[in-house]
Amino acid sequence: MSFKAVVKGVGSYLPAQVVTNEDLARRVDTSDEWITERTGIRQRCIAAEGELTSDLAVGAAKRAMDHAKLGPEDIDLVIVATATPDMTFPATAAIVQAKLGIRQGAAFDIHAVCTGFVYALSTAEKFLASGQHRQALVIGAETFSRILDWEDRTTCVLFGDGAGAMVLSAVPEEETDGKGIISSCLRCDGSMVDLLYVDGGVSSTQTAGHLRMQGNKVFREAVNRISSAMMEAAKEAGIEPSEIDIFVPHQANQRIIDGVVRKLGIGKERVISTIAKHGNTSAASIPLAFDSALQDGRIKSGDLVMLEGMGGGLTWGAALLRY
Numbered sequence: 182m183s184f185k186a187v188v189k190g191v192g193s194y195l196p197a198q199v200v201t202n203e204d205l206a207r208r209v210d211t212s213d214e215w216i217t218e219r220t221g222i223r224q225r226c227i228a229a230e231g232e233l234t235s236d237l238a239v240g241a242a243k244r245a246m247d248h249a250k251l252g253p254e255d256i257d258l259v260i261v262a263t264a265t266p267d268m269t270f271p272a273t274a275a276i277v278q279a280k281l282g283i284r285q286g287a288a289f290d291i292h293a294v295c296t297g298f299v300y301a302l303s304t305a306e307k308f309l310a311s312g313q314h315r316q317a318l319v320i321g322a323e324t325f326s327r328i329l330d331w332e333d334r335t336t337c338v339l340f341g342d343g344a345g346a347m348v349l350s351a352v353p354e355e356e357t358d359g360k361g362i363i364s365s366c367l368r369c370d371g372s373m374v375d376l377l378y379v380d381g382g383v384s385s386t387q388t389a390g391h392l393r394m395q396g397n398k399v400f401r402e403a404v405n406r407i408s409s410a411m412m413e414a415a416k417e418a419g420i421e422p423s424e425i426d427i428f429v430p431h432q433a434n435q436r437i438i439d440g441v442v443r444k445l446g447i448g449k450e451r452v453i454s455t456i457a458k459h460g461n462t463s464a465a466s467i468p469l470a471f472d473s474a475l476q477d478g479r480i481k482s483g484d485l486v487m488l489e490g491m492g493g494g495l496t497w498g499a500a501l502l503r504y
């Protein structure tokens, strides 16, 4: 029997603390105008002291499971995309599995930074399509505030904390009505690792380190690489990018989103942008934006949705699904 991975539930979670551009301007040499013009960001959420990546993940996961009308006994695969795990090991997915009361199946993390959710979604799809697992919980969760240098105005203004989740079910293909994950394209070029990285690690410095970025170089790479992945995913599905109903990009920079939209001829009314409220939440940004658009009615049943991300590695990728 042939199975497809169909989205059955979506959920998100944001920490209570909101930090505006004006708040940051009192801390570093910056301004609301400077941040907004260059990025489109106006505010971001920051995890409270003691609030862990796994806590954000659990908040999003519970809402996704409620939406799917599934309980802990139904989930047999947990994948967490994160670059800010609770601990070096075990995987944050294992911690999330325990906190949710899931006692069966597999759980592991995927680390592809801002592309992490696309990598995780594509990975889950393979497990479900094979028939090896039946219900997957795919989460993007980050506490990037923990690795920011709060004296570096070029990076600390960009990122926020949050989590988003999807429940995917293995459904016999003849019963899907065309819904499910259709195609994906995953890429990495490790020769550009120095464009976006953290200057610490277990093996190298025995510290967590801080995020470092060559912003102008990342920006120059972004539009072409993201567009290329989207075109590959569309080609595999036999469609043109302009045919998608909704575009849910990684929320890194509004100018990057606008550049991709122009390059691929996607109408602005079909683009989901939450960057103004969330900032860049790395692996959490795509499911956060997806849930936001689902809640306000912009994403509807049957819509053809394109997702994309680009992050440290450099990694980039896209996935196409029918909701």
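Numbering-wise (our numbering), the sequence shown opens with residue 182 and increments by one.
Each residue gets a CB set at the ideal place from its N, CA and C atoms; glycine is no exception.
Report task. Answer yes or no: do L367 and L309 have a C-beta to C-beta separation smaller than 8 Å? Result -> In this structure, L309 does not lie closer than 8 Å to L367 by Cβ.
Query - Check: G381 C-beta below 7 Å from any heavy atom of the ligand FMN - result: Within the structure as shown, the ligand FMN is missing, as the structure has no ligands at all.
Query raised in the report: Looking at the structure shown, is R479 part of a helix, part of a strand, or coil, going by DSSP?
Result: Looking at R479 - three-state DSSP - the assignment turns out to be coil, as it is neither helix nor strand.
Requested in this report: Find out if the Cβ-Cβ distance for the pair G286, A245 is shorter than 8 Å.
Outcome: Taking C-beta atoms as the reference points, G286 and A245 fail to come closer than 8 Å.
Query raised in the report: Based on Cα-Cα distance, which residue from G345, I420 and T496 lies nearest to N505?
Result: Here the chain covers residues 182 to 504 and nothing more, so residue 505 does not appear.
**Report entry** Presumed contact (8 Å Cβ cut-off) between I362 and A238, rounded CB distance
**Finding:** Going by Cβ atoms, the distance from I362 to A238 rounds to 21 Å, so no, they are not a contact pair.
**Report entry** Rounded distance between the beta-carbons of G498 and V294, thought under 8 Å
**Finding:** About 11 Å separates the Cβ atoms of V294 and G498, ruling out a contact at the 8 Å cut-off.
Query raised in the report: Straight-line CA distance for Q224 to G460?
Result: Taking the straight line from one Cα to the other gives about 6 Å.
**Report entry** Contact set for A272: own chain, Cβ-Cβ below 6 Å, skip 5 residues either direction
**Finding:** Within the same chain, and ignoring the five residues on either side of A272 in sequence, the residues whose Cβ sits closer than 6 Å to its Cβ are F289 and D290.
Query - CB contact flag (I425, I447, <8 Å) - result: In contact: I425 and I447 (Cβ atoms closer than 8 Å).
Requested in this report: Mind checking which residues open and close the beta strand (DSSP E) that includes L258?
Outcome: Residues L258 to A262.
Query raised in the report: Skipping 5 residues on each side, what residues in its chain have a beta carbon closer than 8 Å to that of T324?
Result: In the same chain as T324, and ignoring 5 residues on each side of it, the C-beta atoms closer than 8 Å to its own belong to A228, E232, L233, T234, L237, T265 and D342, in chain order.
Query raised in the report: Are I256 and Q316 close, meaning C-beta to C-beta below 8 Å?
Result: Yes, the pair counts as a contact, with Cβ atoms nearer than the cut-off.
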